[in-house]
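Here our numbering runs 21 ahead of the position in the sequence shown, where the first position is 1. Quick reminder that beta carbons are idealized off the backbone N, C-alpha and C, glycines included. Step one of this worksheet: look at the structure below.
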Amino acid sequence: MIPVFDLKRQYATIKNEIDSAVFSVLENGVFVLGENVAAFEKEFAAYNGNKHCIGVASGTDALILSLRALDIGPGDEVITVANTASPTVMAIMSVGATPILADCDSHYNIDTALIEQKITRKTKAIIPVHLYGQPCDMKEIRSIANKHSLKIIEDCAQAHGAEYSGKKVGFSGIGCFSFYPTKNLGAYGDGGAIVTDDDELAEKLRMLRFYGQKKTYDSLFFGYNSRLDEIQAAILRVKLKHLESWIKARRHIAKLYNELLSGVIIPEEKTGRKHAYHLYVIRIKQRDALMAYLKERGIGTGIHYPVPIHMQKAFSLPGNYPKAERNAKDILSLPMFPELREEEVRKVAEDVMYFLNNKI
Ligand SMILES: Cc1ncc(COP(=O)(O)O)c(C=O)c1O
C-alpha cells in the first residue's frame, strides 16, 4: 500500500519529542491558554515573519474571527474562489456576509483578471486561497484591494511554508492557518492560527477567541470560545522545528514526480513563488479510470475537490465557473507527505505512466 498520506510514519520519527511534550502538559495541569500556546504563538509568528500570532480552535474559526475582527457582516460581500474547501465559504456565511465567487486560473488559484468585475459597493474583502500550497498572485490582489479599499484575508490553511517574493504567505493584513492533522504543520486534533502585523487587530482577535473578554468575566462584545489548547500547542511546538525540513522533503518529492511524469498536467510553480506542496495535484482527462487503476495497485489518491463550491447544496450559488467545473472532473492528488520514500514516488509515477501508455 502507498497511502495518499500517512501520519503514523511521521509520528514514528518524532515520538520521543511528542510524548514528552504531551506528558509535560499533563503534569503541569494547565490546558487552556497556558505557556505552550503563548510560546507557540511567538514561535509561529517569528517563523512566518509576522508581529502577532493568535492561536484558535481551527482554520475555519481563524477565518470567522478574522472576518469579525474586520467588522464584516450582514450586507457585506466577500470575494473568494469557486474551487476552495467549503470552510472558506462557510466562514463568510457564518458572519452573515455574502460570498461572491470568482473562477480559478489554469493552475487552481483565483484568476486575478476576474476579481474587479466582481466588486460592488458592498464588497469589503477578498479571501485569496493559496490552494494546495501554491501562493496566489499577491502583487495583483494587493493592488486591486488597495485600489478599491478592500481588506485581504489570506486563506493559508494549505500553505504553511509557502513563499511569495521571499515572504511567507500571510503578509497582506491577516493570514489564517489550519493545523488539521494532515496539513503541512498539523496538530493531533483540530487547531488554527491567525497572523497579523496589526496591533489593534491582534488585540481584538485575542478577545474574540475568548468570549469577547479582555479581563476574565467581563465581555465587551459578542465573542467565541475558540482557543488553541495547550496539548495541541505543545505538539505544534515540536513539529514547527521540523517544518522546514518537511517542506524540503515535499518539494523534493514534487520535483521527482515532475521529472518522472509526462502526458499529464503537473503543478506549476510560478517564478518568485515557493510552492509548499501540501498536495501534489495532476490533471488528466481519464481521472476516474486512473484513480481506479491506482487503487487496484494499492496506491491511494484523493480529489481536492470533487464538487465546486457553487454546485454544493449548502451554497447553491449562481454563476458558471468553467475552470473550477472542469478541474473538479480532471484533478487527482497523488501520494504526498514528507516521509514518502523515493522508491514509492517512482512506483506511483511508473504506474501512472503505464496507465497512460497502455490506455487502460
Ligand atoms: C483552504 C482551506 N480553508 C479552510 C480550511 C479549514 O480549516 P479547519 O479544517 O482547520 O477548520 C481548510 C481545511 O480543511 C482548507 O483546506
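Query raised in the report: What is the DSSP secondary structure of PRO339, reduced to helix, strand or coil?
Result: coil
Query raised in the report: If ILE256 and ALA208 are in contact, beta carbons under 8 Å, what's the gap, nearest whole angstrom?
Result: 6 Å
Query raised in the report: What is the residue span of the beta strand (DSSP E) that GLN120 lies within?
Result: The question names Gln, but residue 120 in the sequence shown is Pro. Element bounds for PRO120: 119-123.
Requested in this report: Go ahead and label SER186 buried or exposed: buried means 16 or more other beta carbons lie within 10 angstroms of its beta carbon, across all protein chains shown.
Outcome: exposed
Query raised in the report: In terms of residues, what are the limits of the alpha helix (DSSP H) holding LEU257?
Result: 251-281
Query raised in the report: My guess is that PRO356 and VAL373 are in contact by the Cβ rule of under 8 Å, so how many angstroms apart are they, rounded?
Result: Between VAL373 and PRO356 the Cβ distance is about 11 Å, and since that is not below 8 Å, they are no contact.
Query raised in the report: Would the beta-carbon of LEU300 fall within 8 Å of that of TYR153?
Result: yes
Requested in this report: Decide if GLU98 is buried, meaning its Cβ has at least 16 other Cβ atoms within 10 Å, or exposed.
Outcome: buried
Query raised in the report: For HIS73, which three-state DSSP category applies?
Result: strand
Query raised in the report: Would the C-beta of GLY213 count as close to ligand 1, meaning under 7 Å from any of its heavy atoms?
Result: yes
Query - Segment contact, 8 Å Cβ cut-off, at least three pairs: the stretch 226-241 with the stretch 80-90 - result: yes
Query raised in the report: When the distance is taken between beta carbons, is ALA223 closer than 8 Å to ILE75?
Result: yes
Report task. Go ahead and pull the three-state DSSP assignment for SER9. Result -> Any question about residue 9 goes unanswered here, given that the chain covers just 22 to 381.
Query raised in the report: So which of ILE148, ASP27, TYR68, LEU135 has the shortest CA-CA distance to LYS188?
Result: TYR68
Query raised in the report: Where does THR237 fall in DSSP's three states?
Result: coil
Query - C-alpha gap between MET159 and ASN57, whole angstroms - result: 32 Å
Query raised in the report: Whole-angstrom Cβ separation of HIS73 and ASP239, contact assumed at under 8 Å?
Result: With 8 Å as the limit, HIS73 and ASP239 do not qualify as a contact, their Cβ atoms being about 22 Å apart.
Query raised in the report: Just how far apart, CA to CA, sit VAL366 and TYR314?
Result: 16 Å
Query raised in the report: Is the beta carbon of VAL150 within less than 7 Å of some heavy atom of ligand 1?
Result: yes
Query raised in the report: Quick one: is ARG142 buried, meaning 16 or more other Cβ sit within 10 Å of its Cβ, or exposed?
Result: exposed
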